[in-house]
Amino acid sequence: AQSVTQPDIHITVSEGASLELRCNYSYGATPYLFWYVQSPGQGLQLLLKYFSGDTLVQGIKGFEAEFKRSQSSFNLRKPSVHWSDAAEYFCAVGVSGGSYIPTFGRGTSLIVHP
Amino acid sequence: DARVTQTPRHKVTEMGQEVTMRCQPILGHNTVFWYRQTMMQGLELLAYFRNRAPLDDSGMPKDRFSAEMPDATLATLKIQPSEPRDSAVYFCASGLVAPDHFGDGTRLSIL
Chain R
5 AQSVTQPDIH ITVSEGASLE LRCNYSYGAT PYLFWYVQSP GQGLQLLLKY FSGDTLVQGI
65 KGFEAEFKRS QSSFNLRKPS VHWSDAAEYF CAVGVSGGSY IPTFGRGTSL IVHP
Chain E
-1 DARVTQTPRH KVTEMGQEVT MRCQPILGHN TVFWYRQTMM QGLELLAYFR NRAPLDDSGM
59 PKDRFSAEMP DATLATLKIQ PSEPRDSAVY FCASGLVAPD HFGDGTRLSI L
């Protein structure tokens, strides 16, 4: 079965600094990969997804992620963080073969200092 | 903006009572998901439907949970009888193949 590891439980950055959130997956074939963001008291919002093609994926809110098969990673990046980016971020992996159903990591909490 | 609508947003009830949670997926989305979120387990898939047909409900305790889609605009998740360990936030999501849009959840507390 597929699994996702988000090694960092919390990440603290200063506003305006760059951001990279790590995600590693375990799956034997080409996975489907997702990043979601969750603000307190709200549901998850899809930031971006990778199904195939270009390994650098652009998402909403200025986020991007890069699929690296050799490292089994799908790290999320943003060049300049805004205070409103403070939230919980979830990486998820889905299996190929038609199901697309993501299994979620445990999340990384992003704290933004002014 | 199209939204997934969940009702109720909050529910507090006593152990043993029936709980029904409702979800209105985004019009045109043919896949509907139910997830549960707790601090201990994180996000767990309970069930999902495609074109209103249940495809996987292996994540649900079968003896007390049931999920249905009576029509394309309504998905329901029922718990009967409810237990304190069912306390969690329950999310509905919809999409064309994967969960693209989540509702804001039903926060369920079983006393």
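So the sequence lines, in the order shown, correspond to chains R and E. Those letters in the first sequence? Residues 5 to 118, per my numbering, in order. Those letters in the second sequence? Residues -1 to 109, per my numbering, in order. Heads up, the beta-carbon is just placed ideally off N, CA and C, and yes, glycines get one too. As the structure is a prediction and not an experimental result, all values here were calculated from the model.
Could you tell me the boundaries of the beta strand (DSSP E) in which residue i lies?
| i | result |
| --- | --- |
| C27 (chain R) | Taken as a continuous stretch (DSSP letters only), C27 (chain R) belongs to no beta strand (DSSP E), as it is neither H nor E. |
| D54 (chain E) | A51 to D54 |
| T34 (chain R) | Here T34 (chain R) belongs to no beta strand (DSSP E), and DSSP marks it neither H nor E. |
What residues from chain E crowd round residue i, counting only those whose CB sits closer than 8 Å?
| i | result |
| --- | --- |
| R110 (chain R) | G40 |
| F38 (chain R) | A96 |
| F71 (chain R) | The premise fails here: F71 (chain R) is roughly 16 Å from chain E at the closest Cβ pair, so nothing lies under 8 Å. |
Using a C-beta to C-beta distance shorter than 7 Å, which residues of chain E count as neighbours of residue i?
| i | result |
| --- | --- |
| G98 (chain R) | A96 |
Confirm, please, whether the CB-CB distance from residue j to residue i is below 9 Å.
| i | j | result |
| --- | --- | --- |
| V17 (chain R) | L114 (chain R) | yes |
| L37 (chain R) | A69 (chain R) | yes |
| P23 (chain E) | T74 (chain E) | no |
| G109 (chain R) | G57 (chain E) | no |
| K76 (chain E) | F89 (chain E) | no |
| P97 (chain E) | L51 (chain R) | no |
| S80 (chain E) | H8 (chain E) | no |
| R34 (chain E) | V95 (chain E) | no |
Using only CA atoms, which one of the options lies nearest to residue i?
| i | options | result |
| --- | --- | --- |
| D58 (chain R) | R:K65, R:F71 and R:G66 | R:F71 |
| T3 (chain E) | E:S92, E:G14 and E:I108 | E:S92 |
| G111 (chain R) | R:G66, R:L60 and R:Y40 | R:Y40 |
| G101 (chain E) | E:R20, E:D61, E:P59 and E:M13 | E:R20 |
| F47 (chain E) | E:D69, E:G14 and E:D61 | E:D69 |
| G98 (chain R) | R:W87, R:F55, R:L60 and R:S88 | R:F55 |
| C95 (chain R) | R:P118, R:A33, R:H86 and R:S76 | R:S76 |
Which word fits residue i, buried or exposed, when buried means at least 16 other C-beta atoms lie within 10 angstroms of its C-beta?
| i | result |
| --- | --- |
| I64 (chain R) | exposed |
| P11 (chain R) | exposed |
| S43 (chain R) | exposed |
| I105 (chain R) | buried |
Give me the chain R residues within the contact set of residue i, using Cβ-Cβ distance strictly less than 7 Å, ordered along the chain.
| i | result |
| --- | --- |
| G103 (chain E) | G47 |
Report the neighbours of residue i on chain R: residues whose CB is nearer than 8 Å to its CB, in chain order.
| i | result |
| --- | --- |
| F63 (chain E) | Within 8 Å Cβ-Cβ: nothing; F63 (chain E) doesn't reach chain R, min ~18 Å. |
| F47 (chain E) | Residues of chain R passing the Cβ test: none, with the nearest at roughly 12 Å. |
Taking Cβ-Cβ distances shorter than 7 Å, what residues in chain A pair up with residue i?
| i | result |
| --- | --- |
| L43 (chain E) | Among the chains of the structure shown, chain A does not appear; the protein chains present are R and E. |
Please compile the residues from chain E whose C-beta is within a distance smaller than 9 Å of the C-beta of residue i.
| i | result |
| --- | --- |
| K53 (chain R) | A96 and D98 |
| F94 (chain R) | G40 and L41 |
Give a single yes or no on whether residue i has its beta carbon closer than 8 Å to a heavy atom of the ligand PLP.
| i | result |
| --- | --- |
| Q42 (chain R) | In the structure on display, the ligand PLP does not appear, and there are no ligands present to speak of. |
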